[in-house]
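Report on the structure given below.
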Amino acid sequence: MAPNKSQKLTRSFYNRDTLTVARELIGRYIIYRSVRGRLSARIVEVEAYIGEDDPACHAACGPTERNRLMYGKPGVAYIYFIYGMYHCLNFVTERKGFPAAVLLRAAEPISGIEIVRANSSHGAEHALLSGPGKFCRGFGLTLAQNGLDLTGTELYLEDRCDPATEIGVSKRIGIRQGAEKLWRFYDAKSDAASQLGHMRRRRV
DNA sequence: TGAATGATGCGCT
DNA sequence: GCGCATCATTCAT
1308 MAPNKSQKLT RSFYNRDTLT VARELIGRYI IYRSVRGRLS ARIVEVEAYI
1358 GEDDPACHAA CGPTERNRLM YGKPGVAYIY FIYGMYHCLN FVTERKGFPA
1408 AVLLRAAEPI SGIEIVRANS SHGAEHALLS GPGKFCRGFG LTLAQNGLDL
1458 TGTELYLEDR CDPATEIGVS KRIGIRQGAE KLWRFYDAKS DAASQLGHMR
1508 RRRV
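What the first sequence shows, in the working numbering, is residues 1308 to 1511, in sequence order.
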């Protein structure tokens, strides 16, 4: 059998229930063909933000210029600027008109690690992309990439998956409203996924 | 080992 | 003017 040529996830993948998409994103590979070279990483932590009824969702107060991509077609990158210095990357999900997205919170660097390290400046390899702000910093993603179509060639997810042996579920991190929803998914065995409190791993 | 805090700029009420 | 889907550093225990 010929080796599998890795395929891109299509728009129909994103055009589904957001929690399903979020769960299925764990273990997938994200590819970014940056001007500095090709970067890839394995996704290990995500969070879902779903609709105007979700008080933590950027669309909670209805459509604005900032969140308009969330109302658009699925399979698009929604990137926003936060806390004066960080960017966060989301994948828009569900049908056009319904605002929802999955926030990428952490990944394991796979290739282009030297570029990630140069963007990040310091830290252990497994920690380079372990956080939504750190991921965008390491990959070099900014508002300039906001709105990129994930079915294009610059930024996309591969169909290929290295599934987690154990997927954890928890409350979302860093929010106040809607904090009780268990809409965070992570690879429980990954060093790059942020662990919480008592689950924190011991040093080796 | 964990809690508190400063950095820093923009969107929105 | 306030609060924010963060992070690194400082401080307390």
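Each residue gets a CB set at the ideal place from its N, CA and C atoms; glycine is no exception.
For a quick check, are the C-beta atoms of residue i and residue j less than 7 Å apart?
i	j	result
Y1321	T1400	yes
A1348	P1416	yes
G1344	I1420	no
F1446	Y1339	yes
S1477	V1351	no
I1389	N1453	no
Rounded to whole angstroms, how far is the Cβ of residue i from the Cβ of residue j, which I believe are closer than 8 Å?
i	j	result
I1353	A1329	Reading the sequence as shown, one finds Val at residue 1353 and not Ile. Indeed they touch by this definition, with Cβ atoms about 5 Å apart.
A1451	E1473	About 36 Å; that fails the 8 Å criterion.
G1430	C1395	Not really, about 19 Å apart at Cβ, beyond 8 Å.
So what does residue i bridge to, in DSSP terms?
i	result
R1335	C1468
N1397	Y1385, L1410
I1350	A1414
F1492	V1353, V1476
Residues in the same chain with beta-carbon distance under 7 Å from residue i, minus the five sequence neighbours each way, listed in chain order, please.
i	result
T1317	T1458
A1367	E1359, D1361
S1313	E1465, D1466, R1467
R1424	L1435
Among the options, which one has its Cα closest to the Cα of residue i?
i	options	result
G1483	G1447, K1496, P1362	One detail in the question is off: residue 1483 reads as Arg in this sequence, not Gly. That would be P1362, whose Cα lies nearest to the Cα of R1483.
L1411	M1392, L1346, A1355	A1355
G1391	T1449, L1376, S1418	T1449
G1284	W1490, G1369, I1389, G1485	Any property of residue 1284 remains undetermined from this structure, which presents the chain solely from 1308 to 1511.
N1426	I1337, H1394, R1444	R1444
Y1393	C1364, P1370, G1430, L1436	L1436
L1346	I1480, G1485, G1481, E1461	E1461
L1376	G1481, R1424, L1455	L1455
S1418	T1327, E1331, S1341	S1341
Ordered along the chain, which non-local residues of its own chain (more than five positions away) have a Cβ less than 8 Å from that of residue i?
i	result
G1438	R1412, A1413, S1501
K1403	Y1378, G1379, K1380, P1381
T1325	A1355, Y1356, I1357, T1400, E1401, A1407, A1408, V1409
G1518	Since the first residue shown for the chain is 1308 and the last is 1511, residue 1518 is missing from the structure and cannot be characterised.
Note down, in chain order, each residue of its chain lying with its Cβ closer than 6 Å to the Cβ of residue i, except the 5 sequence neighbours on either side.
i	result
C1468	G1334, R1335
H1433	D1498, A1499
K1315	Y1463
A1471	I1333, G1334, D1494
H1365	N1374
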